[in-house]
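Numbering (my numbering), first residue to last: 11 to 375. All residues carry an ideal CB built from backbone N, CA and C; glycine is no exception. To keep things clear, I will list the structure first and then write my remarks on it.
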Amino acid sequence: AGVVVCLLGFSHLQQFLQRGSFEETHKYARSVRREGQNPVYRPLPEKHNGSLMEPLKEVRKQFRRKPLGSAKRLWPQVYLLGFPKTSTTSLFAFLHDHPQLCAGVKEVHPHVFRTQKEPEFFTNERIGKGVQWYLDLFRNNERCERATHLRGKGSASFDASTQYIARSTEAIPLMASTIPKRFHSDLRFIVVVREPIARDLSWWKMIRSENANGRRLELNVSANYTDFVLSNLNKSLTQQHAKNPLHVGLFVQHLETLWAHFNRAQTMVLSFDTLHANFTDSIRRIASFLGVDFQPWEKKSKGEITGRRAKSVPQTDIDPEPCRLLKAFFLPYNTRFYELMSMPGSPPEQPQFPPFADPCPTSLQ
11 AGVVVCLLGF
21 SHLQQFLQRG
31 SFEETHKYAR
41 SVRREGQNPV
51 YRPLPEKHNG
61 SLMEPLKEVR
71 KQFRRKPLGS
81 AKRLWPQVYL
91 LGFPKTSTTS
101 LFAFLHDHPQ
111 LCAGVKEVHP
121 HVFRTQKEPE
131 FFTNERIGKG
141 VQWYLDLFRN
151 NERCERATHL
161 RGKGSASFDA
171 STQYIARSTE
181 AIPLMASTIP
191 KRFHSDLRFI
201 VVVREPIARD
211 LSWWKMIRSE
221 NANGRRLELN
231 VSANYTDFVL
241 SNLNKSLTQQ
251 HAKNPLHVGL
261 FVQHLETLWA
271 HFNRAQTMVL
281 SFDTLHANFT
291 DSIRRIASFL
301 GVDFQPWEKK
311 SKGEITGRRA
321 KSVPQTDIDP
331 EPCRLLKAFF
341 LPYNTRFYEL
351 MSMPGSPPEQ
361 PQFPPFADPC
371 PTSLQ
């Protein structure tokens, strides 16, 4: 058995001391598994003389961290931006299953790793952790360590943090200034939008459910959706997203912020309804847009998703008065959004964007 070294840092060399031999350490290494990944320990070639400290120089040469400037393969090339409550979790699962794509992996306990769907690094709360913390999420995933470049049957890492677009005025400038400029042209963004009233109601229901289970208490919302709507309509739209969730549904503003920093041709915008009604075609377009092989997705999309339809919001879930107020509020932004989507500059894979369905009772249509 070779000398075994922990990839998580030299402090873990104590594993050698605790087990007393290279053989026992190697057995331990093989028993420790990441979630769906390879062991967190790897063997080195047998170039030691039996002394514990002899291999250290070789260890440092082989496993020392590479400088950030050479870490292009670790920087995510694909960003699934959201929006929240638009099936991004389902879409994340498809992306994560593709052999050419890999997500970040976080160590939640010693030797226990969990896939990190939303690192949310480019937010005021997380940016202070530093670039090294962000890239380490992808370094922890060996598939990301082997990433090269998507074009030409390569592979790449991806980040599915929906807060980047929901809090666009904060996050997008941080992305543009933090990601090295030389990587910008390689980036690809996927955005899914949903009729804003239906999206807002779905988000409210999620938070209510989490509040009932003792989670997300910092986002405690009104028990009645009508009260929730009236309260937020009275707030200034200049307030942060956490203080006014209705701001998330102003899709045109968020996309304009994104395209002020990145090329529009790097973004595919999908409709929630179209994604569910024509999932296979949508996934095929995404594969072409990203430059990955559609074949790994084809069987799964046909077997599990075909025929599935978007969940419409029951009209009884929305009282007429708040629905009327929300329609009036979102109307000018939706109109600008349709105009924006009709302008040239989208990638060739971009499907036509249909108008949003009306979620209000028929008496208001």
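Handout entry: Cβ distance (whole Å) where F299 is taken to contact R198 below 8 Å
Key = As a position in the sequence shown, residue 299 is number 289, starting the count at 1. As a position in the sequence shown, residue 198 is number 188, starting the count at 1. Indeed, because the Cβ distance is near 7 Å, the residues count as touching under 8 Å.
Practice task
Measure from the alpha carbon of R177 to the alpha carbon of each residue in F340, S195, L260, then state which is nearest.
Solution key: Your numbering for residue 177 matches position 167 in the sequence shown. Nearest C-alpha to R177: L260.
Exercise for the section: Could you tell me the distance, in whole angstroms, from the CA atom of G347 to the CA atom of V262? Expected result: Taking the sequence shown and counting its residues from 1, one reaches residue 347 at position 337. Taking the sequence shown and counting its residues from 1, one reaches residue 262 at position 252. The sequence given here has Phe at residue 347, not Gly. So the alpha carbons of these two residues sit roughly 5 Å apart.
Problem - Coil, strand or helix - V258 by DSSP - result: For the purposes of this step, residue 258 is taken as residue 248 along the sequence shown, with counting starting at 1. It is helical.
Practice task
Run the CB neighbour count on E56, radius 10 Å, all protein chains shown included, and call it buried at 16 or more, exposed below.
Solution key: Within the sequence shown, the letter at position 46 stands for residue 56. Only weak support is given to the placement of E56: the predicted model assigns it a pLDDT of 43, under 50, and the question is left unresolved by the model.
Problem - Outcome for G140 when other beta-carbon atoms lying within 10 angstroms are tallied against a minimum of 16 - result: Here the question's residue 140 lines up with position 130 in the sequence shown. Answer is exposed; the Cβ neighbour count stays below 16.
Problem - Best match in F132, V203, E180 for proximity to S97 [C-alpha to C-alpha] - result: Taking the first residue of the sequence shown as 1, we reach residue 97 at position 87. The candidate whose alpha carbon is nearest that of S97 is V203.
Exercise for the section: Using 10 angstroms around the beta-carbon of Q110, count the other beta-carbons present and answer buried if the total reaches 16, otherwise exposed. Expected result: The residue given as residue 110 occupies position 100 in the sequence shown. Q110 should be labelled buried.
Exercise for the section: Write down the C-beta distance between F93 and R192 rounded to the nearest angstrom, noting that I regard them as a contact closer than 8 Å. Expected result: In the sequence shown, counting from the first residue as 1, residue 93 sits at position 83. In the sequence shown, counting from the first residue as 1, residue 192 sits at position 182. With a Cβ gap of about 29 Å, F93 and R192 do not count as contacting.
Handout entry: Backbone secondary structure at Q126 - three-state DSSP
Key = For this step, residue 126 is matched to residue 116 along the sequence shown. For Q126, the three-state secondary structure derived from DSSP is strand.
Problem - Burial state of W143, where buried means 16 or more other Cβ atoms lie within 10 Å - result: For the purposes of this step, residue 143 is taken as the residue at position 133 of the sequence shown. W143 is exposed by the Cβ-count criterion.
Practice task
Take every Cβ of the segment 180-192, pair it with every Cβ of the segment 145-155, and state whether three or more of those distances are shorter than 8 Å.
Solution key: Verdict: no, contact absent.
Exercise for the section: Closer than 7 Å by C-beta to V239: which residues in its own chain qualify, once you throw out the five before and the five after it? Chain order, please. Expected result: Position 229 of the sequence shown, counted from the first residue, corresponds to residue 239. Once the five neighbours on either side are set aside, the close Cβ partners of V239 are P332, L335, L336.
Handout entry: Endpoints, the alpha helix (DSSP H) within which R294 is located
Key = Taking the first residue of the sequence shown as 1, we reach residue 294 at position 284. Run containing R294: 289-300, per the alpha helix (DSSP H) assignment.
Problem - Environment of P283 [buried if 16+ CB atoms lie within 10 Å] - result: Along the sequence shown, one-based indexing puts residue 283 at 273. It is worth fixing the name first, because residue 283 is Asp in this sequence and not Pro. Result: buried.
Practice task
Please classify E117: does DSSP put it in a helix, a strand, or coil?
Solution key: In the sequence shown, residue 117 corresponds to position 107, counting from 1. Three-state result, E117: strand.
Exercise for the section: Determine, using beta carbons only, whether I464 and T277 come nearer to each other than 9 Å. Expected result: Beyond the ends of the chain as shown, which are 11 and 375, falls residue 464; an answer cannot be given.
Practice task
My understanding is that W269 touches F104, with C-beta atoms under 8 Å, so please give their C-beta distance in whole angstroms.
Solution key: Translated into the one-based positions of the sequence shown, residue 269 becomes position 259. Translated into the one-based positions of the sequence shown, residue 104 becomes position 94. No, W269 and F104 are not in contact; Cβ-Cβ is about 25 Å, not under 8 Å.
Exercise for the section: Compute the Euclidean distance between the alpha carbons of G138 and F131, then round it to the nearest angstrom. Expected result: If you number the sequence shown from 1, residue 138 lands on position 128. If you number the sequence shown from 1, residue 131 lands on position 121. Counting only the Cα atoms, F131 lies some 9 Å from G138.
Exercise for the section: Excluding the 5 residues preceding and the 5 following A275 in the sequence, name in chain order all residues of the same chain whose CB lies nearer than 8 Å to its CB. Expected result: Numbered from 1 along the sequence shown, position 265 holds the residue referred to as residue 275. So the qualifying residues of the chain are G355, S356, P357.
Problem - I182 - DSSP class collapsed to helix/strand/coil - result: By 1-based counting over the sequence shown, the position of residue 182 is 172. In this structure, I182 counts as helix in the three-state DSSP scheme.
Handout entry: Whole-angstrom distance between A157 and H257, CA atom to CA atom
Key = Counting from one through the sequence shown, the residue named residue 257 turns up at place 247. Counting from one through the sequence shown, the residue named residue 157 turns up at place 147. Taking the straight line from one Cα to the other gives about 36 Å.
Practice task
Note down the Cα distance separating G114 from L265, rounded to an integer number of angstroms.
Solution key: As a working mapping, residue 114 is identified with position 104 in the sequence shown. As a working mapping, residue 265 is identified with position 255 in the sequence shown. Counting only the Cα atoms, L265 lies some 25 Å from G114.
Problem - Euclidean distance between Cα positions of N223 and E155 - result: Translated into positions along the sequence shown, residue 223 becomes position 213. Translated into positions along the sequence shown, residue 155 becomes position 145. Those two C-alpha atoms are separated by around 37 Å.
Practice task
Could you name the residues that DSSP lists as bridge partners for E89?
Solution key: Numbered from its first residue, the sequence shown carries residue 89 at position 79. The amino acid at residue 89 is misidentified as Glu; the sequence shows Tyr. In the DSSP output, where bridge partners are listed per residue, Y89 has D169, F199.
Exercise for the section: Would you tell me roughly how many angstroms separate the C-alpha atoms of D368 and K116, rounded to the nearest one? Expected result: As a first step, residue 368 is located in the sequence shown; it is residue number 358 there, counting from the start. As a first step, residue 116 is located in the sequence shown; it is residue number 106 there, counting from the start. So the alpha carbons of these two residues sit roughly 40 Å apart.
Problem - Q87, buried or exposed, once every other Cβ within 10 Å from all chains shown has been counted against 16 - result: Taking the first residue of the sequence shown as 1, we reach residue 87 at position 77. With 16 or more other Cβ atoms within 10 Å, it is buried.
Problem - Whether L285 touches T172 by CB criterion (9 Å) - result: To locate residue 285, count along the sequence shown from 1; it is residue 275. To locate residue 172, count along the sequence shown from 1; it is residue 162. No, they are not a contact pair.
Problem - CA-to-CA distance, F289 to P183, given in whole angstroms - result: Position 173 of the sequence shown holds residue 183. Position 279 of the sequence shown holds residue 289. Between P183 and F289, the C-alpha separation is close to 32 Å.
Handout entry: Spatial distance of N151 from C370 (CA atoms)
Key = Position 141 of the sequence shown, counted from the first residue, corresponds to residue 151. Position 360 of the sequence shown, counted from the first residue, corresponds to residue 370. Their Cα atoms are separated by approximately 45 Å.
Practice task
Kindly indicate which three-state DSSP category F366 falls into: helix, strand or coil?
Solution key: Position 356 of the sequence shown, counting from 1, holds the residue named residue 366. The answer is coil: DSSP assigns F366 none of H, G, I, E or B.
Exercise for the section: Assign V231 to one of three DSSP states: helix, strand, or coil. Expected result: In the sequence shown, the residue the question calls residue 231 occupies position 221. Three-state DSSP puts V231 in coil, outside helix and strand.
Handout entry: Three-state class that DSSP yields for S97 in the structure shown
Key = Taking the first residue of the sequence shown as position 1, residue 97 is located at position 87. The answer is coil: DSSP assigns S97 none of H, G, I, E or B.
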